[in-house]
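Numbering (my numbering), first residue to last: 1 to 100.
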């Protein structure tokens with residue numbers, strides 16, 4: 001089936017009929033047929049550019065999150081190092097009690 005007015009080409013999928021297992025042939029008519037839709041006026045370059053744009057957006061988000069995670073890990077490591085480097089100051093008063 002072709003519609004030249006909107007420059008959209010619709011083709012039936014011949015594999016769908018072979019892969020559909022229906023016990024009663026009359027039931028087969030009630031199933032919708034799968035069709036491929038291809039826009040004829042879209043160039044391959046434009047389609048690839050659009051796909052690349054859609055892929056790059058989540059990749060950029062993931063990279064930003066990776067940087068945030070790395071910064072938080074560094075911050076946690078710095079806090080742990082600072083805590084482990086602290087030394088307790090112990091003072092003994094005149095009465096023999098220990099103050100921290």
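Ideal Cβ placement from N, Cα and C applies to all residues, glycine included. If you're wondering where the values come from, they're calculated on a predicted model, not measured in any experiment.
What residue range is occupied by the uninterrupted alpha helix (DSSP H) comprising residue i?
i          : result
residue 54 : 44-85
Going straight from the alpha carbon of residue i to that of residue j, what length do you get?
i          : j          : result
residue 75 : residue 64 : 17 Å
residue 81 : residue 62 : 28 Å
residue 60 : residue 66 : 10 Å
residue 47 : residue 84 : 56 Å
residue 70 : residue 50 : 31 Å
residue 58 : residue 68 : 15 Å
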